[in-house]
Amino acid sequence: MAPRRGGGGLSRRAALALIGGGGLLGISSTGAFDQVRGQRPFDLSVNDDNALLGIEIFSPIEISSSPATVDILELQNRFPDADLTEISVTTDNSLLSVESLSGVTLQPAETRTISGTVSAAQSTTQEVTLTITVSTDTEQIETTRTVDVVADLAAGLPEGCPVSLNISVDVGGSPRDGSTVSGDITNEDIAGDITVGGDIELKNSRVDGNVTAGGDVTLSNNTEISGSVTAGGDMSVKKATVGNGLDAGGDLTVETNSVIGGGAIAGGDMSIKKATFGGGLTAGGDVTIETQSTIGGAVEAGSDGDVTIKQTTVCGAVDAGGDVSEILNTNIGGNVTAGGDVTLKNKATVFGNVITDPEGDVDVGNNAVVKGKVDASGDVTVNGTVEGGVFADGEVDGTGTINGNDPRPSSGGNNNNQPGGGPPGGGPPGGGPPGQQ
């Protein structure tokens, strides 16, 4: 959503035009820009016809998922013959952080948009104070401004998010004590935690407690666990319910209409099919999710791990050290980030940005939608829709729709992509698209 500027009768575009022609000297603080005047060694005042610093605040900043990259303000150097050699913008609230401005300078009449990151754990509205300091070789200006930050995190999530699961297990009136279990169980009710040194398999059993094994764990045939399940080795969960999370030292497989109240961790690869998780997934290797699954949090593969997701809802972000090799008929509630390539296929919707770093191409296929921007270290092909613009170190092509920055020659661009894959601050103006930026 585009930010609303301060009141007044002068548009941003008109203001910028006047700055270039020297015609903005008399604008008051009720217009698009506030004015600040500095003198040796230090002085400032507002509403000054000889203002030396123009400040435009983009308020309110509105986001719908977190973290989000946003534009915060714009600065203009109004000194007639001096560069701004040092620029600093800080905040009094960890909700909003500002990009590093180390080494940034502004020549006379030059402008710069200052960006940052909003990080909110829940929906909130807060006023943040900005401290703005700029210096020439002989003068310094320091002033403060406020900006409203509005985080409505539920608004930008896919349908079905957030995921809320309340799981309880009834073990009846005469359960077996968990401390007596030393191996596999079938058709039993257990009260208390189960801990074994080796492998364990539970079939059609109910446990009011946790299950911990030094080896492999297998849950099947309508088994219900009220607590968490931990395996030193591999774990297989088929047609089972677990109240809390899963933690496997090796590979993890969860399928066949299983319901997990929390998230899952695997030291190796992770395979999910027809399963629901209340939390996120983290694997040391590859992650594969398919066929009507719902993930309540983020999905993270290992440093070299690939991610494949089909027919799934992921409420959080997706992060792969390797490739995001395929996202098909899937909604992703946050950013998609990969160390390699990203491929979005039919009916894939990303509510945040798509980012490849340190290398990787991005392919936005037919009927795929990115609500944020695409920021790629390689080439980008868009045959679907990108709502927040495209920034790439390589070539950009395709016949799809790109709103915002469009480097394709067919759209008037020149494919002169900036190093780092994006504009200063890295995001489209206005507090970001409906998803994470």
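Using full-length UniProt numbering, the first residue of the sequence shown is number 1, and each one after it goes up by one.
All C-beta atoms in this analysis are idealised placements derived from N, C-alpha and C, irrespective of residue type, glycine included.
For residue j and residue i, believed in contact at Cβ under 8 Å, the rounded distance
{"i": "K310", "j": "L328", "result": "5 Å"}
{"i": "T90", "j": "V98", "result": "6 Å"}
{"i": "residue 440", "j": "L130", "result": "In the structure displayed, the chain extends from 1 to 437; residue 440 sits before or after that span and is not available."}
{"i": "V207", "j": "I225", "result": "5 Å"}
{"i": "G172", "j": "I200", "result": "Contact flag wrong, Cβ pair sits at about 21 Å."}
{"i": "G296", "j": "V163", "result": "3 Å"}
{"i": "T256", "j": "K238", "result": "5 Å"}
Where residue i sits in the DSSP three-state scheme
{"i": "G261", "result": "coil"}
{"i": "S100", "result": "coil"}
{"i": "T180", "result": "helix"}
{"i": "S410", "result": "helix"}
{"i": "F277", "result": "strand"}
{"i": "R145", "result": "strand"}
{"i": "A301", "result": "coil"}
{"i": "R78", "result": "coil"}
{"i": "residue 446", "result": "The requested residue 446 does not occur in the structure, where the chain is confined to residues 1 to 437."}
{"i": "S164", "result": "coil"}
{"i": "K310", "result": "strand"}
{"i": "K391", "result": "Inspection of the sequence shows that residue 391 is occupied by Phe rather than by Lys. In the structure shown, F391 sits in a strand (DSSP, three-state: E or B)."}
{"i": "D223", "result": "The question names Asp, yet the displayed sequence has Thr at residue 223. T223: coil per DSSP, three-state reduction."}
{"i": "A283", "result": "strand"}
{"i": "A231", "result": "strand"}
{"i": "residue 473", "result": "The chain is shown from 1 up to 437; residue 473 falls before or after that span and cannot be answered."}
{"i": "A338", "result": "strand"}
{"i": "K371", "result": "coil"}
{"i": "G116", "result": "strand"}
Residue i versus residue j - alpha carbon distance
{"i": "D393", "j": "E326", "result": "22 Å"}
{"i": "A191", "j": "G279", "result": "25 Å"}
{"i": "A248", "j": "S66", "result": "28 Å"}
{"i": "A368", "j": "P175", "result": "52 Å"}
{"i": "F42", "j": "I141", "result": "Residue confidence is low: F42 scores 44 on pLDDT, short of 50, so the model does not pin down where it sits. Its coordinate-derived value is still stated next. Rounded to whole angstroms, F42 to I141 spans 7 Å at the Cα level."}
{"i": "G339", "j": "A317", "result": "14 Å"}
{"i": "L252", "j": "I55", "result": "53 Å"}
{"i": "T385", "j": "V364", "result": "7 Å"}
{"i": "N222", "j": "T399", "result": "49 Å"}
{"i": "T343", "j": "D269", "result": "20 Å"}
{"i": "G23", "j": "P407", "result": "For G23, the predicted structure reports a pLDDT of 36, less than 50, and the residue's modelled location is therefore unreliable. The matter cannot be settled from this model."}
{"i": "V396", "j": "C315", "result": "29 Å"}
{"i": "I185", "j": "L246", "result": "19 Å"}
{"i": "S220", "j": "G334", "result": "32 Å"}
{"i": "D81", "j": "E139", "result": "12 Å"}
{"i": "A301", "j": "S411", "result": "36 Å"}
{"i": "D319", "j": "T136", "result": "42 Å"}
{"i": "T276", "j": "S228", "result": "15 Å"}
{"i": "N77", "j": "R112", "result": "9 Å"}
{"i": "T401", "j": "T381", "result": "11 Å"}
{"i": "S123", "j": "N93", "result": "15 Å"}
{"i": "G263", "j": "N383", "result": "34 Å"}
{"i": "V196", "j": "D189", "result": "17 Å"}
{"i": "S102", "j": "L75", "result": "15 Å"}
{"i": "V169", "j": "D379", "result": "51 Å"}
{"i": "V362", "j": "I355", "result": "8 Å"}
Closest Cα partner of residue i within the set the options
{"i": "G198", "options": "L73, V70, I185, V217", "result": "V217"}
{"i": "I63", "options": "R78, D92, A120", "result": "A120"}
{"i": "S115", "options": "T230, V259, S100", "result": "S100"}
{"i": "I167", "options": "G54, G209, T136", "result": "G209"}
{"i": "I87", "options": "Q107, S94, N93, D81", "result": "Q107"}
{"i": "N403", "options": "V374, S220, V287, D379", "result": "V374"}
{"i": "K274", "options": "I265, G263, S258", "result": "S258"}
{"i": "D323", "options": "V382, G378, K203, G360", "result": "G360"}
{"i": "K347", "options": "N366, G227, N353", "result": "N366"}
{"i": "D357", "options": "A109, G372, A376", "result": "A376"}
{"i": "E110", "options": "D92, G103, L84, D71", "result": "L84"}
{"i": "A151", "options": "L95, R112, K203", "result": "L95"}
{"i": "S271", "options": "T180, T195, S236, N77", "result": "S236"}
{"i": "A266", "options": "V134, A231, T381", "result": "A231"}
Close Cβ partners of residue i (< 6 Å) along its chain, the five nearest in sequence each way excluded
{"i": "T313", "result": "P158, G160, T294, N331"}
{"i": "residue 496", "result": "Here the chain has residues from 1 to 437 only, and residue 496 is not among them."}
{"i": "G261", "result": "L165, I167, G243, N244, G278"}
{"i": "D148", "result": "S59, P60, E127"}
{"i": "L193", "result": "In the sequence as presented, Leu is not what sits at residue 193; that position holds Asp. Excluding positions up to five away in sequence, the list reads G178, G209, N210."}
{"i": "V350", "result": "I332, V336, V370"}
{"i": "T146", "result": "E127, T129"}
{"i": "A240", "result": "L219, T223, S258"}
{"i": "L202", "result": "I185, L219, T223"}
Nonlocal neighbours in the same chain, by C-beta distance under 8 Å from residue i, ignoring five residues either side
{"i": "T144", "result": "T129, L130, T131, I132"}
Beta-carbon proximity list for residue i, same chain, < 7 Å, skipping 5 on both sides
{"i": "G233", "result": "G215, D216, G249, G250"}
{"i": "T180", "result": "none"}
{"i": "V287", "result": "M270, L281, V299, A301, G305, V307"}
{"i": "F79", "result": "L52, P108, T136"}
{"i": "N204", "result": "T186, N187, N221, N222, T223"}
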